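2 protein chains.
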Amino acid sequence: MALKSFIQVHSDSHFPIQNLPYGVFKPQPGGEARPGVAIGDFVLDLSAIANAGLFDGPVLKNSDCFVQPSLNKFLGMGRPAWKEARATIQKLLSFDEPTLRDNGSLREKALFPMNKVQMLLPIVIGDYTDFFSSMHHAKNCGTIFRGPENPIPANWFHLPIAYHGRASSIVISGTDIIRPRGQGHPTGNSPPYFGPSLKLDFELEMAAVIGPGNELGKPVDVNEAADHIFGLVLMNDWSARDIQAWEYVPLGPFLGKSFGTTISPWIVTLDALEPFACDAPKQEPIPLPYLTEKKSRNYDISLEVEIKPTGQEHSSVVTRSNFKHLYWTLTQQLAHHTINGCNLRPGDLLGTGTISGPEPESHGCLLELTWNGQRPLSLNGSTRKFLEDGDEIIITGCCKGNGYNVGFGTCSGKIVPAPL
Amino acid sequence: MALKSFIQVHSDSHFPIQNLPYGVFKPQPGGEARPGVAIGDFVLDLSAIANAGLFDGPVLKNSDCFVQPSLNKFLGMGRPAWKEARATIQKLLSFDEPTLRDNGSLREKALFPMNKVQMLLPIVIGDYTDFFSSMHHAKNCGTIFRGPENPIPANWFHLPIAYHGRASSIVISGTDIIRPRGQGHPTGNSPPYFGPSLKLDFELEMAAVIGPGNELGKPVDVNEAADHIFGLVLMNDWSARDIQAWEYVPLGPFLGKSFGTTISPWIVTLDALEPFACDAPKQEPIPLPYLTEKKSRNYDISLEVEIKPTGQEHSSVVTRSNFKHLYWTLTQQLAHHTINGCNLRPGDLLGTGTISGPEPESHGCLLELTWNGQRPLSLNGSTRKFLEDGDEIIITGCCKGNGYNVGFGTCSGKIVPAPL
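Top to bottom, those sequences are chains R and D.
Heads up, the first sequence is in UniProt numbering, so the first residue is 1 and it goes up one at a time.
Heads up, the second sequence is in UniProt numbering, so the first residue is 1 and it goes up one at a time.
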């Protein structure tokens, strides 16, 4: 029989006892930030559980990792701490365990209705890296910008291409995104365009949250890389295509991306995702030995993007994709990132890049969906080439288990006008 | 008569009372990290001065900004705090001021011989950005990689191009640099090279240290940008040219840079640099209004790079350049960085990019100096196309005043072999 919690969890909830994703929240505005775990429509306050002495395993017994305003300390402790915490929390929340179930005053201190709390960035992000690991996305972008002959650069099949992103402008789901201003491509001999971006886009991504890091100069073996990954979040890597197109030669994306990146509040652990592991796509050519894994795995995570156009009451699904389409795996990304000796630190974020699937309806951004504005999307009566002020983007992600989901909740953000 | 300290300062010292650069140090291994100011061959311990109640101005009187393991808090307080601190320290150290001069026990607590202390990274760096602001460097690189026709990309004269760098691998002067391993360009139909970089290079740069930041979505006006810059350091942006050349299309430099970046320990303030301000180069075409400054200024800072080849006792100067050669000013860089709403935070680092001058002997990296290895350098009997294990690079920077220097000390690092 499936594991069950004494807390009632709807069958379509993203947060049954099989999931237990980690976040950071304030019970009320002005309260102190603390780690929590999602269970059904509630948040379990891990600082309250720690203060009650209920983390009594050998690794966590004397740790203050849950009395912190971020998860970084816990992340740095690695898999033994994560396994112990998961076992403790799963037991505490289970149907036939009386410790929390039958202790009214503790329940009152430790369980908060999710719709009453304020979710915060769960991690202090030292560095944020964004990969480019979907072959379909690489192919579509290449075709749009360089034509259908050799759309994918020669290096792409040999290494997981990435760039350093901006950590300071990563925001939590629900934060408004201010339309960026900047320079766009000049036409003919005219000077470059300057003003609010005319080609504002979303990018459907996920991101790995780093657990224990590595020392500078000490690469991580690809077969040990999973031990450095705590879990995954949904990510929207908002992009201003006109700014990006003009600035990115020769040093890559900069202001076209750095005005805002949204992540979902709940980090779903690799332990919770384990039942949804699947084979990664076959790689041809075979990658260099430092990228060759004993077992190359992805996860079967259904992803959806909805647009709620300004002024409309309802949102329309514009993309249905899946994490499993990624060509380069998370562990290959991490091994590549460190092969030169670069050090990762707990809380670092590794974005996957836009996750496009093979079909047109699985394209992960408007650039691809509208083919750079050439084929506007029809949304319940209105049309979109790129995003307008007031448009909201809602990303969801979910794994379908046998009678339960392991879900990511949502990652949303609304476009507000550029400053005058 | 010039300002003078009661501490004896050699006339060729980088650190007279006119300079007073800030760093963070430990008086002995195992001691606590604390802010200090360089004066001649000594370090003044600011935590000792603060604990003695000698920061008695209105801004700093009740602040704990000097009882911190980094300068970030002080940086975030902005120009009023910086001006007050400079005035207080300059008075305390001056020739005819008895407070510190005649207090033996305080002198013992607060002054340490510089050669006895351990210098640390002075700031916690949230984000590190690297610009590409030397026209000579852009032209040389373009000529080497794309030929002499239109070597500079069309966007270059319209905006200060930059990319996000890696913050985690920034190290303090004196830290060994481990030769990175990685993939290099395949030749013909062969698979890509993999192994220790064969084209390891230095890059002569300087970097601005950000003081008060800006809110996400609120750009900084170019004419107010100087108030967000605390000071400058020397920087060596080590680069693996073979890794960089293979990986950088289309998302820019990544592992070719992220294995290590060295900065000098002393942050020289804009206040100390003020006497060395000079006109910036004329810009043609005139930049967009958001980049147009009332007064466009550089600083006259002489820069030198020495190589001490492995096994040799002496180093050879290979580059003589100057900060004043930069086409885009620091304030333009900062205004551009924030025009899309991107937020800066105290302690962020903005690298200038390689500072090459117009003459061949002023080229700021081996890529240019040896023209991508085609013209090896002769160094006291040995030759170099790129760096070998055991080679040490020493960067110095200095402004020549009337009877005194305002200098940056050195920024050095030695190459050690790649892991097996």
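Even glycine gets a Cβ: it sits at the ideal position worked out from N, Cα and C.
Owing to the predicted nature of the structure, the values given are computational and were not obtained by experimental measurement.
Per DSSP, H314 (chain D) lies in no beta strand (DSSP E) and is assigned neither H nor E. Along the segment 236 to 258 of chain D, going in chain order, the ones with a CB nearer than 9 Å to a CB of chain R are A240, I243, W246, E247, Y248, V249, P250, L251, G252, P253, F254, L255, G256, K257, S258. For L334 (chain R), the closest C-alpha among the options R:P153, R:L251, R:D348 is that of R:D348. Straight through space, the alpha carbons of K116 (chain D) and F55 (chain D) are spaced by roughly 25 Å. Ranking D:A48, D:K91, D:G76, D:L159 by CA distance to the CA of L111 (chain D) puts D:A48 first.
Distance from the Cα of P29 (chain R) is smallest, within the candidate group R:Q118, R:S63, R:H14, R:P35, for R:Q118. At a cut-off of 9 Å, the C-beta of A162 (chain R) has a neighbouring C-beta in chain D.
For H158 (chain R), the chain D residues whose Cβ falls inside 7 Å of its Cβ are Q183, P192, in order along the chain.
Sequence-ordered contacts of the segment 122 to 146 of chain D with chain R read G126, D127, F132 [C-beta pairs closer than 7 Å]. By the neighbour-count criterion, in which 16 or more other beta carbons inside 10 Å mark a residue as buried, A162 (chain D) falls on the buried side. Nearest to A33 (chain D) by C-alpha distance, out of D:I39, D:G40, D:G23, is D:G23. The segment 120 to 188 of chain D contains, as complete beta strand (DSSP E) runs of 3+ residues, the segments 128 to 131, 162 to 164, 170 to 172, 181 to 184 (chain order). Counting only unbroken stretches of 3 or more residues, the beta strand (DSSP E) elements lying wholly within the segment 291 to 351 of chain R are 297 to 299, 302 to 308, 316 to 322, 349 to 351, in sequence order. Counting only runs of 4 or more residues that sit fully inside the UniProt domain "Fumarylacetoacetase N-terminal" (18 to 122) of chain D, the alpha helix (DSSP H) segments are 46 to 51, 72 to 77, 79 to 93, 98 to 101, 104 to 110, in chain order. D:I17 is the residue among D:I17, D:G403, D:I170, D:N214 whose C-alpha sits nearest the C-alpha of D96 (chain D). Chain order gives the chain R residues near L216 (chain D) as S168, S169, V171, T175, I178, F259, G260, where near means a beta carbon separation below 9 Å.
Going by DSSP, R241 (chain D) is part of the alpha helix (DSSP H) stretching over 241 to 247. In the three-state reduction of the DSSP assignment, F386 (chain R) falls in the coil class, being assigned neither a helical nor a strand state. For H337 (chain D), the closest Cβ of chain R is nearer than 9 Å.
For the segment 398 to 415 of chain D, the set of positions with a beta-carbon nearer than 8 Å to some beta-carbon of chain R is empty. With 16 or more other Cβ atoms from the protein chains shown falling within 10 Å of its own Cβ, T129 (chain R) counts as buried. Residue range 229 to 236 is occupied by the beta strand (DSSP E) that includes L234 (chain R). Y327 (chain R) is outside the set of residues whose beta carbon lies under 9 Å from a beta carbon in chain D. Taking I170 (chain R) as reference, the option from R:I39, R:V233, R:T396, R:L344 with the minimal CA-CA separation is R:V233.
Boundaries of the beta strand (DSSP E) harbouring L377 (chain R): 377 to 379, taken from the DSSP string. Around P419 (chain D), the beta-carbon contacts reaching into chain R at under 9 Å are G217, K218, P219, G341. Distances from the CA of I286 (chain R) to each of R:I152, R:P358, R:F157 were compared; the closest alpha carbon is that of R:F157. In chain order, G184, D242, F386 place their CB closer than 8 Å to the CB of L198 (chain R), counting only its own chain and leaving out the 5 sequence neighbours on each side.
Bounds of the alpha helix (DSSP H) holding L369 (chain D) are 366 to 369. Of the residues assessed, T262 (chain R) falls on the buried side of the cut-off, its CB having 16 or more other CB atoms within 10 angstroms. Boundaries of the alpha helix (DSSP H) harbouring D271 (chain D): 270 to 273, taken from the DSSP string.
Here the C-alpha atom of G36 (chain D) lies approximately 27 Å from the C-alpha atom of T331 (chain D).
Secondary structure of N405 (chain R) (DSSP, three-state): strand. Within a 10 Å sphere around the beta-carbon of G147 (chain D) sit fewer than 16 other beta-carbons, which makes this residue exposed.
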